[in-house]
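Worksheet: one structure, shown below.
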Amino acid sequence: MAGCAQMQNAPRRFWIKGQKHSHQSLVKQLGPAPLRCPVHRALRVTTRAAQPQCQPVITPGQRPATPSAGSPATAACKPARTDLLRLTSAPPFAKARQRIRHLLSNVEQALIMSQVSPQATATKTVAETAFEARFSPRLVAAETYHDPNDVILFMHIPKTAGMSVGKALQEAFDIFHPVSWENTNQSFRNKTRKALYRRSDAANPCRQVLMGHFAWSDVMYWRHQELPLKCATIIRDPLDRFVSNYRYNTSDKHPQHEAFAARYPTLESYARVLPYDYQLSLMAGAFYSFDHALEKLNAAYSFIGVTEHLGASLQHFRRSHGLAELTEHRENTGNQAKAAEDIPDAVRNIVGEKSRNDARLHQLARRCYG
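Just so you know, the sequence shown maps onto residues -2 to 367 in our numbering.
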């Protein structure tokens, strides 16, 4: 095909020259002949990989037949897909991808950008790939989110090691603004106004962080005004977090534990009033799909850690934001090591049914640190 560079002698670079071509017209020009360059092969492979099974190339007049999982036609896609990942791992790929992006669907773009095993590539979405690119310690360069005069809104989701993180943040930031849990909305707005006023003194920059039990609706009050605020948080396995929260609320450490225990005498009674996707709803508000929620997180947050990898999460936060050393403290641990060991199946089922997207988010974030 005219306009495609022949890459046999330089397999790590490819591009499309000349005018733009639609994916359909490009494939039409290729015809049934074997692919003649890596760009052709990459485009054809991404189309195949997006389908449940790889389809063979069909010559005119030939009846299409779907090969079985172990057939040669299906197996033939595997080395080609490996070539695609090898080609796209080269440094010039980012520029090349911009040139051919209009030829690819969202699924195809995700396949090219993921640079992981073929099995993971076939199921990862664009939003999940973008999430990893934004939050994974392996992919985020040092001081990517550094700002000598920034204001970070650290959302404290109950029982996600927030007290431990709070102590570390007090040591790392110039100014720490704790948000009151008794009147969260008003306290959050007052503390944010104070932080923004302090930030306006450009001659004396300082790094500030607000931390408390505020939610997405509180954050959006300020983001609608296009203010330079970054969000951050720590998440936890949904079942472990739920059990830990119940046990803390019924212990004498909680000031209203007697009233709470009277209202929710069992774990199951508390599970029945658990909001759907409690953590993700706090972080991103309402959403119509998991990918939509990830898009909102990618736009608003610069850090998402996990309780199970707290030390690694804090080190990534320090490195990506250019902070001083963050010391891992242990607070309110109690008897949480066996948080979900002796939980009735009924409670597990209820929490699992109400936390499907929370669980997906936790698994995705945990893979970033695993």
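Think of the CB as a built atom: it goes at the ideal place given N, C-alpha and C, for glycine as much as any other residue.
Residue i, buried or exposed, once every other Cβ within 10 Å from all chains shown has been counted against 16
i           : result
residue 250 : exposed
residue 92  : At residue 92, the pLDDT of 40 sits below 50, so the modelled position is not reliable and the matter cannot be decided from this model.
residue 274 : buried
residue 201 : exposed
residue 350 : exposed
residue 229 : buried
residue 174 : buried
residue 215 : buried
residue 196 : buried
residue 266 : exposed
residue 222 : exposed
residue 252 : exposed
residue 364 : exposed
residue 235 : buried
residue 224 : exposed
Residue i - partner residues in DSSP beta bridges
i           : result
residue 230 : 152, 301
residue 175 : 208
Close-in-space but distant-in-sequence residues of the same chain around residue i (CB under 8 Å, 5 per side omitted)
i           : result
residue 357 : 287
residue 191 : 174
Endpoints, alpha helix (DSSP H) assigned at residue i
i           : result
residue 159 : 159 to 169
residue 270 : No alpha helix (DSSP H) contains residue 270, which DSSP labels as neither H nor E.
residue 324 : Premise fails: residue 324 is in no alpha helix (DSSP H) and is neither H nor E.
residue 276 : 275 to 281
residue 132 : 123 to 132
residue 223 : It is not in any alpha helix (DSSP H) - residue 223 carries neither H nor E in the DSSP assignment.
residue 354 : 353 to 366
residue 246 : 235 to 246
residue 258 : 254 to 260
residue 182 : 181 to 196
Spatial neighbours of residue i in its chain, beta-carbon cut-off 6 Å, leaving aside the 5 residues before and after
i           : result
residue 210 : 153, 178, 181
residue 374 : A question about residue 374 goes unanswered here, because the residues of the chain that appear run from -2 up to 367.
residue 193 : none
residue 83  : With a pLDDT of only 37 at residue 83, under the threshold of 50, the placement of this residue in the model should not be trusted, and no figure is reported.
residue 79  : Per-residue confidence for residue 79 stands at a pLDDT of 38, beneath the threshold of 50, marking its modelled position as unreliable; the derived number appears in the next sentence. Around residue 79: no qualifying Cβ.
residue 300 : 229, 314
Distance, residue j Cα to residue i Cα
i           : j           : result
residue 325 : residue 220 : 30 Å
residue 292 : residue 124 : 6 Å
residue 258 : residue 279 : 24 Å
residue 163 : residue 342 : 34 Å
residue 353 : residue 137 : 27 Å
residue 246 : residue 254 : 5 Å
residue 140 : residue 319 : 5 Å
residue 361 : residue 322 : 26 Å
residue 105 : residue 256 : With a pLDDT of 45 at residue 105, under the threshold of 50, the modelled position of that residue is not reliable, and no figure is offered here.
residue 272 : residue 199 : 42 Å
residue 270 : residue 203 : 42 Å
residue 340 : residue 155 : 19 Å
residue 317 : residue 132 : 9 Å
residue 167 : residue 312 : 15 Å
residue 284 : residue 213 : 12 Å
residue 121 : residue 128 : 11 Å
residue 172 : residue 281 : 26 Å
residue 143 : residue 149 : 11 Å
residue 160 : residue 126 : 31 Å
residue 183 : residue 165 : 25 Å
residue 217 : residue 347 : 30 Å
Spatial neighbours of residue i in its chain, beta-carbon cut-off 7 Å, leaving aside the 5 residues before and after
i           : result
residue 157 : 231, 232, 233, 238, 304
residue 366 : 134, 303, 306, 309, 310
residue 189 : 207, 219
residue 261 : 267
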